[in-house]
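*Asks:*
Put into structure tokens, the structure is as follows:
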């Protein structure tokens, strides 16, 4: 290493070429790296979806879900299987172990499902997809007082135009129903012609098709033969011959049926600012640029889309990721540049101006090197990676300061430029290298945090590690060369207008020397003379800190709320509630929200409206379809669900009014309503699930529901816990049919009964027609007025094999019951999920979960011995993440210890360095108390960065102490000299680290608040750690020496010498 450093310092071409290589690589990499608001990553999960239209959840569970679970549970790499059976559809979400090859497992799962031959005959082909393959970029609202067909056709036209553009790979239309052709025939007509719905459906199938008929090979050419008869619309189907007679007369379909070429038989209401709307959603894949896509869309809308709309129809952008991206990047860039400017100012005041300049250049090169490798590492420009860069500003200057300051010290001693550069760099090369390696080791476990949160946060350590590696390369291989060209005199000749810098430097240096010779000298002397008192006080302080955290004086909140600009209310009415009733409740809640917006908006102090747009939907939860993979699969319309989405002004325009405040005011204003089964309000951008999400299972459903009710009641008693609910509705009422003995004598089988009843009340699928890009289903069924009450079922006539029509109640028993609206399963077990929201100012989700596991659930298990439970949502992610971190850091601590033990050739001295780390955490904890923050996952990232700085400074300090000991100095003098000589770089590291994150600490933007705990951990912690390093490390070093002297004296059987006279070279401890 020393040879390489000397060679690079003396060869300007090599050093400059390396710098240019990093510079060019950074510019190229930075221009190609993907930009996005939040990082997108492989979810390491596979989703299987099977439609079974008209089936109840229990039928879906038995016919679809269980068959899939049985096939995939034995596949290697499967971590958990989550299944949901709803009316008409079954979804199995297969989570894989961390690091699994998702593509390979996807192929294996597809192969296993293809082997299933026992799916119900009416079930659709399974759709097996990789979760998280695409994410939404921009939503376009096509809105106006126009028919649904008009809005859908206009939306489809925009979709086709955008899909043809090379920058866009996937577009879909949402918010409108699928096209459907419904052929409705009344019971009376069927009886009069002696027909059944199945017979009519069969006639349609036979008359609506295109088939290849082979080919004719003539002497001159080959001619293909085709049979063409595919029907596409209402007029085509109207002419189908249902029956012909011997006399040549025919019975056409339009003579017996009403043919409706419209939309599927379900009610979906989509409104944008109170007007009907359809939405065009533009997605991107992992390699596509958000800003490019949005620029293309905005240009298209301005030039083609908007001008081509008919009168009364408008086109507006509803959601735009580019706006979020630009504002978030601008916010963090501003904080980063301010922090970098403060760091440069500090460097200028403490170091020679040219030296400060080259250290600053080193920071820039470290960042450019990171940009160069970001595309190769799969890292995008997003909020997490940008904060990693800000975090690195404080950490990265550490080794450059140590090397640069040491070269500066050699120059002050009279060494020549090249000699000082080589000698100074060599002197600290080993401790700096191992200090960087230990910091990299500390960050490494954060790359492997399991679960969704790990995939979200891993970009921070990736960026920090990259910056550290390039910083080490720059400080040892490039910086010495540049500093070797400093002029003979330490200070440059500054122009008159910069003379104030020289005067400020002189004042700072004089004050620093005075401080080192005074307070620092006395403090270190006291610490070495009374190390027992110092160490005891340190331990007491550490115990107090543990008590603060353990006693919950400082709460732990796993992931802070990341506020967005949208506030969403979701309403779920009881199963079976008609659309009209659900819409009435949704309209009321929207009206309340508008009143709250008017009230809070008055605080803006001008004419701006707090709410910029409102999107409401009855029949589905559109926001639940957002995120990775959203919209890739169809969703079903449920008349009991509604969502109201308020888009607020951007956070920068309402700095004193948070979306959480709007959310809470809206919730309070709505209050308790008698109709809805549940209401939830949310303003978070990232949702890991409810703060409390408890999954309970029991073999007996009745016992399970009793236990669920009891647990819910107890949860509701806790202050700060609200919106306690479970996901098990009583379900819709259902009619259950079973054959009477008489049916068998008439030749009617259970299959006949089921098929004919399904055809009448759901519809018999007669054909599928491809119209453009959309597949249209053709159903034959009874008219709506003949399938709207229970009497219609009893009176419906079943056609026997002989052609007779018998009333249903004569051949079948009719009974009534209820079925769950949704069945959820985890790893093959039925579960009921209890969720609750919390007021974090009163209680956190972690505290509620502790109460559940400590008291409520054990008591419930005593009452119901077979009761099982587990946590989902935020608590599950927390348990997985913290467990992964704990395991990773145990290994990392050992590796860090080894990396410290190697350069010191000692077993004990690394413990002195590592002992300073917990005391640095003390500063982070008190920083959170000062700013009223909860500890959380992001706080840990700051603490890890803090640990790197503490270890680096402690290592360099001990290395200098050891150097003085090897030169023959007594232990106390060696500690004092080492502490005083290293105080300037340690202080400078502290100041630059603090200033690097200081803008974020005082940032008041609502969008950056979630990053503040990380900045506080590092910034405040490092200030406290400086005092710890200058007091505790000397005290521990002195204690280690004294114990070593006494131990040797005991071994030799002598009385032992005074520690000042002991041999300087201690060897392995």
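In the working numbering, the protein residues as written are 143 to 1211. Built from N, CA and C at the ideal position, the CB exists for glycine as well.
(1) Where does residue 153 land, buried or exposed, given buried means 16+ other C-beta within 10 angstroms?
(2) From which residue to which residue does the alpha helix (DSSP H) around residue 323 run?
(3) How would you write the range of the alpha helix (DSSP H) that residue 855 sits in, first residue to last?
(4) For a quick check, are the C-beta atoms of residue 963 and residue 842 less than 8 Å apart?
(5) Taking only runs of the beta strand (DSSP E) that begin and end inside the region 921-991, which ones reach a length of at least 3 residues, in chain order?
(6) Any idea what DSSP makes of residue 869, helix, strand or coil?
(7) Using only the alpha-carbon positions, how far apart do residue 807 and residue 410 sit?
(8) How big is the Cα-Cα spacing for residue 87 and residue 874?
(9) Could you say which of 1071, 993, 789 and 556 lies nearest to residue 459 if we only look at CA atoms?
(10) Within 10 Å of its beta-carbon, does residue 991 have 16 or more other beta-carbons around it, so buried, or fewer, so exposed?
(11) Going by the beta-carbon positions, is the gap between residue 509 and residue 578 smaller than 8 Å?
(12) Nearest to residue 856 by alpha carbon, out of 1002, 279, 393 and 562?
(13) Quick one: residues in its chain with C-beta nearer than 8 Å to the C-beta of residue 147, no 5 flanking neighbours on either side, listed in chain order?
(14) Where DSSP assigns a beta bridge to residue 232, which residues make up the other side?
(15) State yes or no: is the C-beta of residue 732 within less than 8 Å of the C-beta of residue 756?
(16) Of all the options 804, 988 and 723, which has the alpha carbon lying nearest to the alpha carbon of residue 760?
(17) Near residue 769, which residues of its chain fall below 7 Å by C-beta distance, leaving aside the five closest residues on each side in sequence?
(18) What distance in whole Å lies between the Cβ atoms of residue 1059 and residue 1093, which are believed to be in contact at a cut-off of 8 Å?
(19) Helix, strand or coil for residue 759, going by three-state DSSP, please let me know.
(20) In the DSSP output, what is residue 711 paired with across the bridge?
(21) According to the neighbour-count rule (16 or more other Cβ atoms, all chains shown, within 10 Å of its Cβ), is residue 1166 buried or exposed?
(22) Which full runs of the alpha helix (DSSP H) of 4+ residues lie inside the region 362-408, going along the chain?
(23) Given a cut-off of 8 Å, decide if residue 329 and residue 895 are closer than it, judged by their beta-carbon atoms.
(24) Indicate the three-state DSSP secondary structure (helix, strand or coil) for residue 282 in the structure shown.
(25) Rounded to whole angstroms, what's the CA-CA distance from residue 103 to residue 321? Just pull it up for me.
(26) Under 8 Å between the Cβ atoms of residue 852 and residue 1014?
(27) So if DSSP puts residue 909 in a beta bridge, which residue, or which two residues, is it bridged to?
(28) Helix or strand or just coil, what does DSSP make of residue 237?
(29) In the structure shown, what three-state DSSP assignment does residue 222 receive?
(30) Looking at C-alpha atoms only, which residue of 402, 848 and 353 is the closest neighbour of residue 376?
(31) In the DSSP assignment, find the unbroken alpha helix (DSSP H) run with residue 349 in it and report its ends.
(32) Of the residues 1173, 697, 1034 and 1194, which one's Cα is nearest the Cα of residue 1078?
(33) Check whether the Cβ atoms of residue 532 and residue 481 sit closer than 8 Å, and answer yes or no.
(34) Let's test the definition: count the other Cβ atoms within 10 Å of the Cβ of residue 987 and tell me whether it reaches 16, buried, or not, exposed.
(35) Using DSSP bridges, identify the partner residues of residue 316.
(36) Could you name the residues that DSSP lists as bridge partners for residue 352?
*Replies:* Checking against the coordinates, here is how it stands:
(1) exposed
(2) Per DSSP, residue 323 belongs to no alpha helix (DSSP H); it is in the beta strand (DSSP E), 321-326.
(3) 843-857
(4) no
(5) 939-941, 947-949, 954-960, 964-968 and 971-980
(6) Coil at residue 869, not helix or strand.
(7) 29 Å
(8) No information on residue 87 is available, as it lies outside the stretch 143 to 1211 that the chain covers here.
(9) 789
(10) buried
(11) no
(12) 1002
(13) 564, 567, 568, 571, 618, 619 and 622
(14) In the DSSP assignment, the residues bridged to residue 232 are 192 and 227.
(15) yes
(16) Sorting 804, 988 and 723 by C-alpha distance to the C-alpha of residue 760 places 723 at the top.
(17) Note that residue 769 scores 40 on pLDDT, short of 50, meaning its location in the model is unreliable; the coordinates nonetheless yield the value given after this. Cβ neighbours of residue 769 beyond the five flanking positions: 277.
(18) 7 Å
(19) strand
(20) 786 and 823
(21) buried
(22) 376-380 and 395-398
(23) no
(24) strand
(25) With the chain represented from 143 up to 1211, any question about residue 103 goes unanswered, as that position is not in the structure.
(26) no
(27) Paired residues: 920.
(28) strand
(29) strand
(30) 402
(31) Run containing residue 349: 339-349, per the alpha helix (DSSP H) assignment.
(32) 697
(33) yes
(34) buried
(35) According to DSSP, which records beta bridges pairwise, residue 316 is partnered with 421.
(36) Its beta-bridge partners are 370.
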